[in-house]
Structure formats: C-alpha cells, structure tokens
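Numbering of the sequence shown is given in numbering that gives the first Met the number 0, commencing with residue 0 and proceeding in unit increments.
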Amino acid sequence: MPILHVAVFAVGAAVGAGTALAITRKQQSNTLPISITKSPTVSSLVDIRHPVSSLEVPPTSGTEILKYGNPANQITLQGPIADLLSRKVYAAGYDRRLRHPAWTAEHLTRASLGRSLLEPPDDSDNGDRSRSQFEEDKSIPDPFRARLSDYLLAELVIQRVPAADAKMSQEAMNETFLLSNIAPQVGEGFNRTYWAYLERWCRDLTLSFDHVYVFTIPLYLPSRDTDGKYRVKYEVIGKPPNVAVPTHFAKVILASRPASPTTPNIAELSAGAFVLPNAPIPDETPLTNFTVPVDAVEKAAGLQILPDQIKQGARQICQTTECKVVVKRFDDARKLIGNSKSISKK
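Here it is, written out as structure tokens:
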C-alpha cells in the first residue's frame, strides 16, 4: 500500500482522561472546574512549507486530514491505542472496548464540499446517500465490532461523519455509513437539531477559511451524584449490551487561511473547542456556552489532538469568526443531517 507523508508538528506527552469539563454556565456547579493555564504569546502565523516533522500514515486521497494534529501518533504511541482507519474523506481511531470511534478527523474545503468558486462539481461523480446503507466494518476483528442489531432496539440515532461532507464519490459516501464511524446520540433535541446545525456551522467555516480541520470526540464525563461524589454513568446498547453511549461529544476545530494576499504560504490559524452533552439542548442556547479550551478536551479524552505549538499560536476561533448556531424548526432540520438514516427503533 502506498504511503502518504502527512505533515504534522511535534507532539508532547499526552495526559490521562478523567478531567471533567464545564459544559454550560448553568452546569458549572455540578461539574469539576477547568484549570486554564495562560499560554505564552506565540505568533498565530505558521509557514506551511516547513513543517516541524512528518509522520507516515495510510493514504487519505490527497487530503492532509492529520496535517496539524494526529491523535494516533504512531511514533510516540501517545494516547490510547486504537485501530487507525483511513478513509476517503476522514480518518478515525476505533475504540474496540466502547465499539465506536475514539475520534474522527476531517479536512473540509470549499472544493471538497462542492462549493468550488471556479467551477461546479461534476454531479456524475457525486456520492448519493440514498444508495448507501449502514454496514458492519469487516476491517474490525469480529469480536470487537459494533453490529446493526445493537442499534435496532435502541431509542437513539447515530452520530457519524456527515454524509454532506462526503459527496466526492459513492465510495466516500459509503464509508460514512460504516458502523466503525458511528456513535449513538440522543435524537430529538440534539442530533436532529442542535448538533446538526453545529455541523453545518463547521461546513460554513469553509466560506471564510481555506482549510478547516474538524475533530469529533465522544466523551465520558463525570457528574455529581446526590451524595456529592462524582461518577461516570452511561448507557450501553445492544442485546447483549455491546455499544457504549457517550455522555458528551466534543468538536475541536482548526481553521487556516493566508495571513495576507501577499503571503499565501503563511497561514493564519484559528482554533477552538466545544463540548455538548448528549442530551436535548434548547434551540436558543448560545454556542459560546459550550466553549472550552482545547486542552480540556484532550485531558478528558486522553489524547493530544493538536500540538502545543499550534494551540499556543492559534487565535481563538470565536474571535476570528462568529460562533453562532441558529436552529430552524422546519423540515430542513432533519435534512441537515443528511436525511439521517436512523437505525433506531421507530
């Protein structure tokens, strides 16, 4: 198999999971606080011609999905060991114990989303979600696979790399329907509305930035019980129970664009992170309520998603673009998740 050299920056030691995140201002009294260390001032400009180091990873069809961060660093073995999956439009690390992705990564551009400003996409080559169906991933050893039967009796829907991000080909579309790319989410009030519009916001960032890197991370965060102690509690679906249901989901965003028209090789970077509970969210809730430091997501997940050099140098994304989700209570709310083929029981 040919090897694609993907540029990445040197990564420091990863830290363990277990640090809780403040999800909303109203929930702060019920969650562990986040300690925020002020980073030294570092330029947000990066010369994209000269990466600090390189790492061999399986081919990703020319898209440098893991250019600025690789949660499955195979050189230093930082972070939990997972099956590294390289697809046409995304990369993922599959957690055999929880039977869903530990993380997924995408590289979005106007062209990859069919938003080329120069010429329209060739519809003949586009992926059609109506021709795709959910399938077990046979690249995962049989004892550790998520199965269709696990979801059939669950009152949940699926979270996956959105079909709207995989229109480049039918093969790319089909890969988003593999169960190794799926984690269970609450449907009404979350997956079908607020989360769907958050994913649309991520796609719309390509209108302001040339490159948008999106990491999606399922999380298991503690909550305080009536006795004052913190515990991690989560549902497991399937008969027998097989697939874990995350308590929260995180989005870590890194976006880049030329610092100026005269310096196209110098990228200005913006980064941000959001953590949302896997539960119904009122439509009017500001997206900024879910903003957390990237470090906090990394600590909770046990992964180093972005190198320290990038985190210290990038500008906060809510300072360089508007962080706003507007949920529209119309039929298009369901269309936004790609006519999400819920494999939950209706």
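We treat Cβ as the ideally placed atom computed from N, Cα and C, and that holds for glycine.
{"Query": "Closest to Y219 by CA distance: which of F143, M172, V213, V296 is it?", "Result": "V296"}
{"Query": "Starting from G312, trace the alpha helix (DSSP H) both ways and give me its first and last residue.", "Result": "307 to 312"}
{"Query": "Can you give the Cα-Cα distance for T319 and L152, rounded to whole angstroms?", "Result": "43 Å"}
{"Query": "Starting from the C-beta of C201, find all residues in its chain whose C-beta is less than 8 Å away, skip the five residues before and the five after it, and write them out in chain order.", "Result": "L107, V211, V213, K250, I252"}
{"Query": "Nearest-angstrom Cα distance between T193 and E234?", "Result": "Note on residue identity: the sequence assigns Tyr, not Thr, to residue 193. In a straight line, the C-alpha of Y193 is about 21 Å away from that of E234."}
{"Query": "What's the C-alpha gap between T134 and F176?", "Result": "Thr is not the amino acid found at residue 134; the sequence shown has Glu there. Using only the alpha carbons, I get a separation of about 6 Å."}
{"Query": "As a quick exercise: from K238, H247, N241, P239, pick the residue whose alpha carbon is nearest that of K232.", "Result": "H247"}
{"Query": "Assign A299 to one of three DSSP states: helix, strand, or coil.", "Result": "helix"}
{"Query": "Straight-line CA distance for D282 to P183?", "Result": "21 Å"}
{"Query": "Specify, as a first and last residue, the run of the beta strand (DSSP E) that D94 falls within.", "Result": "89 to 94"}
{"Query": "By DSSP's criteria, R230 is part of a beta bridge. Which residues make up the other side?", "Result": "S222"}
{"Query": "Can you tell me whether F363 is helix, strand or coil according to DSSP?", "Result": "No answer is possible for residue 363: the residues shown for the chain start at 0 and end at 345."}
{"Query": "I believe Q311 touches P70 by the beta-carbon criterion, under 8 Å. Please report the beta-carbon distance rounded to the nearest angstrom.", "Result": "Not quite, the Cβ-Cβ distance comes to about 18 Å (not below 8 Å), so this is no contact."}
{"Query": "Looking only at C-alpha atoms, which of M167, N190, K166 sits nearest to P276?", "Result": "N190"}
{"Query": "Name the one or two DSSP bridge partners that L177 has.", "Result": "E134"}
{"Query": "Return the Cβ separation of V185 and P279 in integer angstroms, given the expectation that the two are a contact with Cβ distance under 8 Å.", "Result": "6 Å"}
{"Query": "Is the beta carbon of I316 closer than 9 Å to that of S259?", "Result": "no"}
{"Query": "Are R144 and S179 close, meaning C-beta to C-beta below 9 Å?", "Result": "yes"}
{"Query": "Report buried or exposed for P285, applying the criterion of at least 16 other Cβ atoms within 10 angstroms of its Cβ.", "Result": "exposed"}
{"Query": "On the three-state DSSP scale, how would you describe P217?", "Result": "strand"}
{"Query": "To the nearest angstrom, how far is the alpha carbon of T103 from that of T225?", "Result": "35 Å"}
{"Query": "From which residue to which residue does the beta strand (DSSP E) around T319 run?", "Result": "Element bounds for T319: not the beta strand (DSSP E) but the alpha helix (DSSP H), 316 to 319."}
{"Query": "Under three-state DSSP, which class holds A81?", "Result": "coil"}
{"Query": "Please name the residue in A110, L84, M172, D203 whose C-alpha comes closest to that of S131.", "Result": "M172"}
{"Query": "Is it true that the CB of A243 sits closer than 9 Å to the CB of L97?", "Result": "yes"}
{"Query": "Does any residue of chain C have a CB that is nearer than 9 Å to the CB of A81?", "Result": "In the displayed structure, chain C is absent; only one protein chain is listed."}
{"Query": "Name the residue from T261, S148, P292 whose alpha carbon lies nearest to the alpha carbon of V274.", "Result": "P292"}
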